[in-house]
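Undergrad:
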Amino acid sequence: SKGTYPHYMIKEIDEQPAVIRKIVQNYQNDNGELEIDAAILEEMTASDRIYIVACGTSYNAGWVGKQIIENLTNIPTEVHISSEFGYNMPLLTEKPFFIFLSQSGETADSRQVLVKINALGHPSLTLTNAPGSTLSREAKYTLLLHAGPEIAVASTKAYTAQIAVLAILGELAGRRKGFALDLDIAHELGIAATAIESIIDEKEVFEQLSVTHLSTSRNAFYIGRSIDYYVVMEAALKLKEVSYVQTEGFAAGELKHGTIALIEEGTPVISIITDPTTAGHTRGNAQEVISRGAHSMIISLDGLDQPEDAYVLPKVHHLLTPLVSVVPTQLIAYYTSLHRGNDVDKPRNLAKSVTVE
Ligand code: F6R
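Numbering (full-length UniProt numbering), first residue to last: 246 to 602.
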């Protein structure tokens, strides 16, 4: 039930710190060490390339998963849209390993890929929130998200849960490969959970920003680079699906190659800046849109912040910044939808689980 919350979406955003802590608990053994089925780690680390296949928000989580897995395991990882992959399959390597990301476990576009790769005899792992779901039953292995039921059509806690489980998988697979990782992912996930709490405590900041800058605009942009680019793709999907504001999530450096033509007086452009290597470049891109009349709002990570920034995120491990940077964008989507008078939990034209191709 919604309890005292007006909508499931805001309830599910609020639940994220608890979900992350629960995931860590669920993947800890009696000695307090992270543990997953050794057979998964064995097959995954024997692979020469990982293929992540998913749709929508799960696809966006897949890009963050690629960053985490490549960083911790050194295994090249590709991310694919299910509805494209199945009918235009890329050349596969000798020993592919498939990871399906599906909150519902029932997405037909993803299932048709699983049927095809099962026929080819390749190993697969489904990360899902739904035990016993089709994608869980038909994949060789399953890891559960432990996020609790996600009722709002717009996915929020499943995105952060997928990233948390992928981080655990990445660390354990990296160790299985014999890498001496200077990382305690359970501890870092705890830090991220606390950081999310502090962002949620300040949710009025994002309500105000939504009312002032998004509730009447026709379009909006999110920009970022590197890991922040992956997050802005999700931020844009969330804003468009619940607020109906036409939004693009763009690689900040790519904007000037065409799309900057859309910037008008007052166009909202939100930059996410958590990656130190590209922070300066993204700030330069924010300046470019400001000089064309955009209303720029920068969400930056503590330590990379500047006085003019709209919000400063608490510092977390560099592979886990999406867990904190996505939260303001979920809140912005929620409040923009609310103040536009939309049906927040059931946006038009959408269904929670998409069981047709
Ligand atoms: C967006 C959203 C969808 C789903 C997509 C995949 O908020 O909910 O984009 O992420 O339909 O669904 P699952 O993860 O159930 O396969």
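Cβ coordinates follow ideal geometry from the N, Cα and C atoms, glycine included.
Cα separation between residue 521 and residue 569?
TA: Rounded to the nearest angstrom, the two C-alpha atoms are 16 Å apart.
Undergrad: Just the C-alpha distance for residue 476 and residue 500, rounded to the nearest angstrom, thanks.
TA: Taking the straight line joining both Cα atoms gives about 16 Å.
Undergrad: In this structure, does DSSP put residue 384 in helix, strand or coil?
TA: Coil.
Undergrad: Closest to residue 595 by CA distance: which of 319, 333 and 397 is it?
TA: It is 397.
Undergrad: Determine the burial state of residue 252: buried for a count of at least 16 other Cβ atoms within 10 Å of its Cβ, exposed for fewer.
TA: When all chains shown are included, residue 252 counts as buried.
Undergrad: What's the C-alpha gap between residue 376 and residue 389?
TA: The alpha-carbon atoms of residue 376 and residue 389 are separated by roughly 7 Å.
Undergrad: Please list the terminal residues of the continuous alpha helix (DSSP H) segment that includes residue 323.
TA: Unbroken run through residue 323 is the beta strand (DSSP E), 322-326; no alpha helix (DSSP H).
Undergrad: Relative to the C-alpha of residue 401, which candidate in 446, 354, 487 and 586 has its C-alpha closest?
TA: Of 446, 354, 487 and 586, the residue nearest in Cα terms is 487.
Undergrad: Considering only C-alpha positions, which residue in the set 326, 374, 339 and 460 is nearest to residue 359?
TA: The option with the nearest alpha carbon to residue 359 is 326.
Undergrad: What ranges does the beta strand (DSSP E) occupy inside the region 280-350, keeping only unbroken runs of at least 3 residues that lie completely in it?
TA: You should have 294-299, 322-326 and 341-347.
Undergrad: Taking only heavy atoms of the ligand F6R into account, decide whether any of them is closer than 7 Å to the Cβ of residue 302.
TA: Within the cutoff, so yes.
Undergrad: Residue 600: beta carbon under 7 Å from a heavy atom of the ligand F6R?
TA: Because no heavy atom of the ligand F6R lies under 7 Å away, the Cβ of residue 600 does not count as near it: no.
Undergrad: In the UniProt domain "SIS" (455-592), which residue ranges form an unbroken beta strand (DSSP E) of at least 3 residues, counting only runs that do not cross its ends?
TA: Counting only runs of 3 or more, we get 464-469, 491-496, 513-518, 540-546 and 556-558.
Undergrad: What's the C-alpha gap between residue 489 and residue 532?
TA: Cα-Cα distance, rounded: 27 Å.
Undergrad: By how many angstroms is the C-alpha of residue 339 removed from the C-alpha of residue 442?
TA: Roughly 44 Å separates the two Cα atoms.
Undergrad: Since residue 508 and residue 415 are thought to touch, with beta carbons under 8 Å apart, how far apart are those beta carbons, to the nearest angstrom?
TA: Their Cβ separation, rounded to whole angstroms, is 37 Å, which puts residue 508 and residue 415 out of contact at 8 Å.
Undergrad: Locate the beta strand (DSSP E) running through residue 372, then write down its first and last residues.
TA: That run of the beta strand (DSSP E) goes 369-373.
Undergrad: Residue 468: which of 272, 561 and 574 sits nearest, CA to CA?
TA: Ranking 272, 561 and 574 by Cα distance to residue 468 puts 574 first.
Undergrad: Taking residue 402 as part of the alpha helix (DSSP H), name the residues at either end of that continuous run.
TA: Segment 402-421, the alpha helix (DSSP H) holding residue 402.
Undergrad: Excluding the 5 residues flanking residue 550 on each side, which residues of the same chain have their C-beta closer than 6 Å to its C-beta?
TA: Here the set comprises 557.
Undergrad: Going by C-alpha distance, which of 298, 290, 287 and 317 is nearest residue 350?
TA: Per the Cα distances, 298.
Undergrad: Does the distance between the C-beta of residue 348 and the nearest non-hydrogen atom of the ligand F6R fall short of 7 Å?
TA: Residue 348 Cβ: within cutoff of the ligand F6R.
Undergrad: Of the choices 336, 373 and 381, whose alpha-carbon is the least far from that of residue 365?
TA: Looking at the Cα atoms, 336 is the closest of the given residues.
Undergrad: Just to confirm, is the Cβ distance from residue 294 to residue 341 under 8 Å?
TA: Cβ atoms of residue 294 and residue 341: closer than 8 Å.
Undergrad: Only counting the same chain, and skipping five residues up and downstream in sequence, which positions put a Cβ closer than 6 Å to that of residue 492?
TA: Correct list, in chain order: 465, 481, 484 and 485.
Undergrad: I want to check one thing, is the minimum distance from the CB of residue 260 to the heavy atoms of the ligand F6R below 7 Å?
TA: No, the ligand F6R has no heavy atom inside 7 Å of this Cβ.
Undergrad: On the three-state DSSP scale, how would you describe residue 359?
TA: Helix at residue 359.
Undergrad: Per DSSP, which residues does residue 270 bridge with? Please list them.
TA: Residue 270 is not bridged to any residue.
Undergrad: At the level of alpha carbons, what is the spacing between residue 460 and residue 275?
TA: Taking the straight line from one Cα to the other gives about 49 Å.
Undergrad: What is the DSSP secondary structure of residue 390, reduced to helix, strand or coil?
TA: Residue 390 falls in the coil class under three-state DSSP.
Undergrad: Would you report the Cα separation of residue 495 and residue 472, rounded to the nearest angstrom?
TA: Each residue's alpha carbon lies about 12 Å from the other.
Undergrad: So, with DSSP's three-state summary, where would you put residue 438?
TA: The answer is helix: DSSP assigns residue 438 an H, G or I state.
Undergrad: On the three-state DSSP scale, how would you describe residue 600?
TA: Coil, per DSSP.
Undergrad: With distances taken Cα to Cα, identify the nearest neighbour of residue 436 among 597, 559, 582 and 586.
TA: Closest option to residue 436, Cα to Cα, is 559.
Undergrad: Does the Cβ-Cβ distance between residue 380 and residue 286 come in under 8 Å?
TA: It is not a contact, given that the beta carbons lie outside the stated cut-off.
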